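The structure appears right after this line, and notes come after that.
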Amino acid sequence: MLEIENLNKSYENHRALTDVSLFVPTGIIFGLLGPNGAGKTTLIRIINQIIEQDSGTVKIAGKVLSADDIRKIGYLPEERGLYKKMKVWDQLIYFARLKGLDQNEAKSKVKAWLDKLDIYSWRDKKIEDLSKGMAQKVQFISTVIHQPSILILDEPFSGFDPVNAEIIKNEILELKSNGTTVILSTHRMESVELLCDQVAMINRSRKILDGTIREIKSQFRPEVFEITLTSINNPLPQEWTPKQEGDFYEISLPLAGKSPNQLLSEMMEYGEVVSFRERIPTMEEIFIQQVKATANA
Amino acid sequence: MHKILLVIQREYLARVKKKSFLIATLLTPLIFPAIMGIFVWIAVQEKENQSLRIIEVIDETNLFFMESSEQYAFTSSIKDAEEAKKMVQEGERYGFLYIPKMDLTNPKGIQFYSIDNPNMNLMGYLEGALKRKIEDQRLYEKGIDPQVLKDIRTSIDIQSVTLGDEGEEKVNDATVNYALGFVSGILIYLFIFIYGNQIMQGVIEEKSSRIVEILVSSLRPFQLMMGKIVGIGAVGLTQFLIWVFLIGSLSSIVIGVLGMQMPQQQAMEMANPEFAQAAPDAGELSRILMVIDGIDFFALVTSFIFYFLGGYLLYGSLFAAIGSAVDAPSDAQQFMFPITIPLIVSYMGLFVFVLQDPNSTTSFWLSVIPLTSPIAMMGRISYGVPFWELALSMGLLIAGFLFTTWLAGKIYRIGILMHGTKPTYKILWKWVKASQ
């Protein structure tokens, strides 16, 4: 469980975070959304103790984060980096030991992960001799090698080919099922819908939205219904701009104060209703709409 | 502390395991003995292969008799200059020396003709021989026997002895002290530049490849910086010690081999200083040995290592700070000024002031101010430095590197996470003042 309370951070000429509070329950995947420059990286860096907040607290399991808690966090930065001239094995051992694992523990963990991701035979290769996908697997291992209870992934899928992205996605889900809390920072909404249990949206240094995906979606329902009609007996009003495909007509109509049942019975007078469903906004639509709304505010 | 050790270990092994380190470490010391050996070999070959060169002399003054040497034979069979030139052209003579009738008080118009450009050696030999002849001739004209002058010529050799506090006597020789100061000062200068640059490159590599963000989520930026500085310093020290060992043993082998080719007399002098002392013109050598004997090598070596490391740490952290502030090595140039200027000042100061007069006021200040002391003090050590001056200089150097490390740490922790900004001194100063 990660609690972030009233975090503030300013740089020399702009505010990066304004009173940001978040509550991340244990064992979920938490999506951190926001456009570039919103303050996501600053927030992540504060959680990782790379930089210090001006005010506010970060707590893990009810206790204020201390330097030792670094061990509990695994961090995959958006900009990846490995020592190009170092061998895969040496590199992973080094990162594992920096996270506080002892020599033997580090060795067995590194071996287990290399086996798991099928790159054990590459252990003596230098990073510069690996393909990009391979290097990213190594990078991912370096993030999770010390069994962190909180995993912070900044754009984890960028640069992965579909096959490796799938492998990593499954690893993330497996870690989650083992009780790891995952914070996923991204602007790829399709992975948010697919993976995240909860999200928070940050724009211009402030949190503008948070909750489960279902909650957010119902909150931002546009109350528009998509209706498909056939066997028309009354002509449809032109302002509905119906789309005709063979005998089928598709229209979307706002509720405009009516109840869904009222709208449905109204529709039945025009013909045979073959489908009637509410339009659910995608996270992407909500994201863009919210970013625009706060930009205009 | 444990994490710093891990960083030190990584920085050390990553460099020491490189092939380029092995090559540089093993080949560099071979260069000196190899160059020495090549020169000796060439000289020996030249002497053996050289055929006697015949030089035609036309002396219109009839005063000069040129003595032939192992390499050059002088003949004066011809009286016609044109004919002599032709002989040179046809290769019958190596050269042709023409001495016209001239005023001995103002000798002019002497010419040497040859096909090759004559070497310095020959010209020096000819000029020396003619000069002596003219001088002898002029002495005769003034009524002085040149032999008398030769007998009067005396060589003086003052032995410089310093008195210690308890009256103990120590033989000195400025040449030896000069050489020791010169070599150790330059070594420190090179060490700071070469390994300081490696620190900077290493920091830039971590910054530009973004490894640093992963690293600083595991340990404090300051630990990372110190680990890198100490690790690279250890690489330098390792390389240096290997060099000292290799140069020492190789040079002694080369000298040993050459020694066998030396005339008996010299070899015996080398081997036995007492014998040398007995021999009249071996004074120089024996004195050098006495001076070397008189130098406190323990103090010299310990202070060398102290200034070597102190200077490295002082400048190393500055190199790290610069590396953290820029995105690419090419941007680093603008900040190199504050590093290169004091280093060059101490380098110049070593030659201009310290080695000339180790106890002057300028030498004192150069050897006490932390930015210049690592190099300047080495020029004074072998002459002997009062204890309080040494203590002051060392204390200030420690304070100095603590200060630069603190300053660099402030710049470093912000700089390594900054991308795409072109920092200026003003921005660096803001980083220093920033709390985080």
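Chains as they are written, first to last, in the numbering used here: chain A, 1 to 297; chain B, 298 to 733.
Every residue, glycine too, gets a C-beta built ideally from N, C-alpha and C.
This one's a predicted model, so the numbers in the text were calculated from it and none came from an experiment.
Which listed residue (the options) has its alpha carbon closest to that of residue i
i, options, result
"Asn414 (chain B)", "B:Ser374, B:Gly524, B:Tyr391 and B:Lys430", "B:Tyr391"
"Gly100 (chain A)", "A:Asp68, A:Pro25 and A:Tyr120", "A:Asp68"
"Asn8 (chain A)", "A:Gly34, A:Ile46 and A:Leu33", "A:Ile46"
"Asn170 (chain A)", "A:Asp129, A:Val138 and A:Leu117", "A:Leu117"
"Ser614 (chain B)", "B:Met715, B:Asn474, B:Ile332 and B:Gly493", "B:Gly493"
"Leu516 (chain B)", "B:Arg710, B:Gly482 and B:Leu319", "B:Arg710"
"Thr402 (chain B)", "B:Ser411, B:Val385, B:Lys428 and B:Ala378", "B:Lys428"
"Ile60 (chain A)", "A:Ile50, A:Ile51, A:Gln53 and A:Ile73", "A:Ile73"
"Leu689 (chain B)", "B:Glu389, B:Gly545, B:Thr701 and B:Pro671", "B:Pro671"
"Ile483 (chain B)", "B:Thr669, B:Asp628 and B:Ala629", "B:Thr669"
"Glu190 (chain A)", "A:Glu155, A:Gly179, A:Arg221 and A:Ser177", "A:Glu155"
"Phe23 (chain A)", "A:Ile172, A:Arg15 and A:Asp210", "A:Asp210"
"Gln289 (chain A)", "A:Ala256, A:Pro254, A:Phe220 and A:Val273", "A:Phe220"
"Ala331 (chain B)", "B:Leu543, B:Ser664 and B:Ala622", "B:Leu543"
"Pro25 (chain A)", "A:Phe225, A:Gly179 and A:Val274", "A:Gly179"
Neighbour flag for residue i against chain A, beta carbons, 9 Å
i, result
"Lys300 (chain B)", "yes"
"Leu512 (chain B)", "yes"
"Glu466 (chain B)", "no"
"Glu503 (chain B)", "yes"
Beta carbon proximity, residue i to chain B, threshold 9 Å
i, result
"Gln49 (chain A)", "yes"
"Ile141 (chain A)", "no"
"Arg123 (chain A)", "no"
"Leu92 (chain A)", "no"
"Glu79 (chain A)", "yes"
"Ile314 (chain A)", "Residue 314 (chain A) cannot be examined here, being either before or after the span of chain A that is shown, 1 to 297."
"Phe95 (chain A)", "yes"
"Arg45 (chain A)", "yes"
Contacting residues, own chain, Cβ-Cβ under 7 Å from residue i (five flanking each side not counted)
i, result
"Thr212 (chain A)", "Asp197 and Gln198"
"Gln563 (chain B)", "Only weak support exists for where Gln563 (chain B) lies, its pLDDT of 49 falling under 50; the coordinates are left without a value."
"Pro443 (chain B)", "Asp433 and Leu436"
"Pro655 (chain B)", "Gly676, Arg677 and Tyr680"
"Gln136 (chain A)", "Arg80, Gly159, Phe160 and Asn164"
"Val509 (chain B)", "Glu503 and Ile713"
"Leu423 (chain B)", "Leu394 and Phe409"
Contacts of residue i in chain A (Cβ-Cβ under 8 Å)
i, result
"Arg507 (chain B)", "Pro77, Glu79, Arg80 and Gly81"
Residues that residue i contacts on chain B, provided the C-beta gap is smaller than 9 Å
i, result
"Ile70 (chain A)", "Ser514, Ser515 and Leu516"
"Met86 (chain A)", "Arg307 and Ala311"
Contacts of residue i in chain B (Cβ-Cβ under 7 Å)
i, result
"Met1 (chain A)", "Those do not exist, as Met1 (chain A) stays about 20 Å from chain B at its closest Cβ, beyond 7 Å."
Distance cut-off 8 Å: residue i Cβ against heavy atoms of the ligand NAD
i, result
"Ala311 (chain B)", "This structure lacks the ligand NAD; in fact it carries no ligand of any kind."
Contacting residues, own chain, Cβ-Cβ under 8 Å from residue i (five flanking each side not counted)
i, result
"Ile6 (chain A)", "The displayed chain sequence assigns Asn, not Ile, to residue 6 (chain A). Correct list, in chain order: Asp19, Val20, Ser21, Ser55, Gly56 and Thr57."
"Asp624 (chain B)", "Ile501, Lys504, Ser505, His716 and Gly717"
"Arg97 (chain A)", "Gln103 and Ala106"
"Gly62 (chain A)", "Met1 and Glu3"
"Val192 (chain A)", "Gly31, Leu33, Leu184, Thr186, Val199, Ile213 and Met283"
"Phe318 (chain B)", "Arg312, Val532 and Gln536"
Proximal residues of chain A, C-beta to C-beta of residue i below 9 Å
i, result
"Lys727 (chain B)", "Glu12"
6 Å Cβ shell around residue i - same chain, five flanking residues per side excluded
i, result
"Ile407 (chain B)", "Ile396"
"Gly153 (chain A)", "At residue 153 (chain A) the sequence reads Leu, which differs from the Gly that was named. Contacts found: Leu76 and Leu184."
"Trp113 (chain A)", "Ile141"
"Ser265 (chain A)", "none"
"Leu477 (chain B)", "Ser679"
"Ser600 (chain B)", "Ile678"
"Leu512 (chain B)", "Leu521"
"Val144 (chain A)", "Gly74"
"Met267 (chain A)", "Ile227 and Val273"
Closer than 7 Å, Cβ to any Cβ of chain A: which residues of the stretch 300 to 318 of chain B, in chain order? Lys300, Leu303, Arg307 and Ala311
Give me the subset of the stretch 98 to 114 of chain A whose CB atoms are less than 9 Å from a CB atom of chain B, sorted by chain position. Leu98, Lys99 and Gly100
Please list, in chain order, the residues of the stretch 696 to 718 of chain B that have any C-beta partner in chain A closer than 9 Å. Arg710, Ile711, Leu714 and His716
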